[in-house]
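Chains as they are written, first to last, in our numbering: chain C, 1 to 340; chain V, 1001 to 1296.
Even glycine gets a Cβ: it sits at the ideal position worked out from N, Cα and C.
Notes follow once the structure below has been shown.
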């Protein structure tokens, strides 16, 4: 992997020039404390110090609601093309979110490819950006605090510049087009990088011990912790909506007023909703709140491990931020372990 | 992300859309019991009909245009080409819409989905099929498949329990098997009344679990027990099977769950790390022990 260096005074120019390669989306302030990935109107809009957006990048590949197909009574179903028809560049993704996209890629792949997902995904380029953790970040615990692949470019902040790692041929094209403002890295840049990354490691304030966690969860099937959390949880589903790797959706039809045609949509769903497991006739297979809460935590940290070999949580801290009941995933697992 | 990954993404995007139903027509509706018809269906494009290869125990996502989609198990057997048959109870919004359709109306079908019954693995063994209520729908496919491949299986036994005689699915078809010597077909109902105009009940009366005593000599180590029925049914049937010493991996169950996509994406049918739609709907009792939610 080749690495180059972008002096900070040129960062806006770099962003501006990215527009030549496609539609640039950057983390943009929303209200006083929040950020959201949004189309870049001006490079000044980029929140270089942001930590987490309200919604993760998944909205670019699977929007909260999308039309899958149109139908009419006489001709049946007609696929809606979800393609962007141009390159979309997501700029400023932190390592946790890049890992999150990688996990979503795995989920929508498999015996059946979700073509809606991949038709959007193929046109989205990912440019990463390093970060300093706050009191909700636990990516280090999840092994997602650094990222080696899965990006086109990745910017690591130094005091006066960004080191740019080139991950793909497309990334290299961008670098070639910016040769006049980019520099070669030096050994002292390397030393500064190492010093910063080691310092960052020390800045995590919360930790989730994931060693043999699936096993401990198995053993904790009947712990009273789930009843406790079930009593606290409002089952609002906010944690699912903001989670970079929650992928559940409903499929439903919406009829037009003509009574002859309509559309088939899909919309984000959450396993915390009671109707999530409801079948025709009214039976639900996970009706208790504690059961639903338990299922969500187990899916992230145990079931997903059984299926893919690693958890699906990337430690971004969004669910901690979003929970109106103040449930903190790290504390939940600490309680399961009996250390809190 | 190596460069090859980009081409991979493009290849995946170019795959056929797995959500797009193929058009089919309702050829005939055969009323079986109250609110439960057998729908005979044929693909509009004969080529799609030929290509639709399935196993007993698999299911489809059936679309009623303008209403929605439901997972429906296949009741016909792949050994009899031509029409697909679905035994469907009028139960929720979508099946109610299906019941408003007429012969020759268009519907959508995608699939087949799920693992199906391990028909090849079961060759050379006895088959003990145990159905409760609507659970006969997928087992009818397996029963007819086994009868069409009669030489591949040892004894074939069906034990089917329903509440009343008027709830027994495929009653004429199953009663006609009673004369065959190469299959034991035992039907039982919880209660039977002599209703005017109704066909008199000659079958058994009592719970399906009472029928086990009729097959005391069955070698449990050379038998696959295949159960399908409502959640409470599994509790009693499995208790009985374990009592008789059936190995846990020779007890098969076909499960019902909410399935929206049928292809392991939407999440709803998840039980532990398994998806009922792609890892099931057929599971062994051994799976169920490891997945506490499976049979409640």
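Of all residues in the stretch 1018–1034 of chain V, only 1018, 1019, 1020, 1021, 1022, 1023 place a beta-carbon less than 9 Å from a beta-carbon of chain C. Residue 51(C) has its alpha-carbon roughly 8 Å from the corresponding atom of residue 132(C). Here residue 1122(V) is not near residue 1145(V), since their CB atoms are 8 Å or more apart. Proximity of chain V to residue 85(C) at the Cβ level (cut-off 8 Å) is not reached, the minimal Cβ distance being about 13 Å.
It is roughly 10 Å from the alpha-carbon of residue 189(C) to the alpha-carbon of residue 159(C).
Counting only Cβ-Cβ distances below 9 Å, residue 1266(V) has contacts in chain C at 247, 248, 249, 250, 251, 266, 269, in chain order.
Scanning chain V for C-beta atoms nearer than 7 Å to the C-beta of residue 121(C) yields 1009, reported in chain order. Per the C-alpha coordinates, the member of 1029(V), 1052(V), 1288(V), 1053(V) positioned closest to residue 1248(V) is 1288(V). Among the residues facing chain C, residue 1185(V) is not included, as its CB has no counterpart in that chain under 8 Å away. Remark: C-beta atoms of residue 137(C) and residue 204(C) approach each other more closely than 8 Å.
A Cβ-Cβ contact shorter than 8 Å links residue 1277(V) with residue 1114(V). Considering only beta carbons, the part of the stretch 1235–1260 of chain V lying closer than 8 Å to chain C consists of 1256, 1257, 1258, 1260, in chain order. According to the DSSP assignment, residue 230(C) belongs to the alpha helix (DSSP H) that extends over 224–232. Residues of chain V with a Cβ closer than 8 Å to the Cβ of residue 329(C) do not exist, since the nearest Cβ in that chain sits about 19 Å away. Within the same chain, Cβ atoms closer than 8 Å to the Cβ of residue 4(C) are found at 163, 164, 166, 175, 182, 183, 184, 185, the five residues on either side in sequence being excluded. Residue pairing of residue 1087(V) in beta bridges, as defined by DSSP: 1038(V). Interface residue (Cβ-Cβ distance to chain V less than 8 Å): residue 118(C) is classified as such. Residue 1263(V) belongs to the set of residues whose beta carbon lies under 8 Å from a beta carbon in chain C.
Residue 1236(V) and residue 150(C) have their C-alpha atoms roughly 51 Å apart.
The beta carbon of residue 73(C) falls within 8 Å of a beta carbon belonging to chain V, placing the residue at that interface. For residue 154(C), the CB contacts under 6 Å within the same chain, skipping 5 residues up- and downstream, are 128, 165 in chain order. Boundaries of the alpha helix (DSSP H) harbouring residue 1288(V): 1285–1290, taken from the DSSP string.
The shortest CA-to-CA distance from residue 1268(V) to any of 140(C), 276(C), 313(C) is the one to 276(C). Per DSSP, the unbroken beta strand (DSSP E) holding residue 77(C) starts and ends at 76–79. In this chain, residue 116(C) is not harboured by any beta strand (DSSP E); it is covered by the alpha helix (DSSP H) spanning 115–121. Beta-bridge partners assigned by DSSP to residue 24(C): 89(C).
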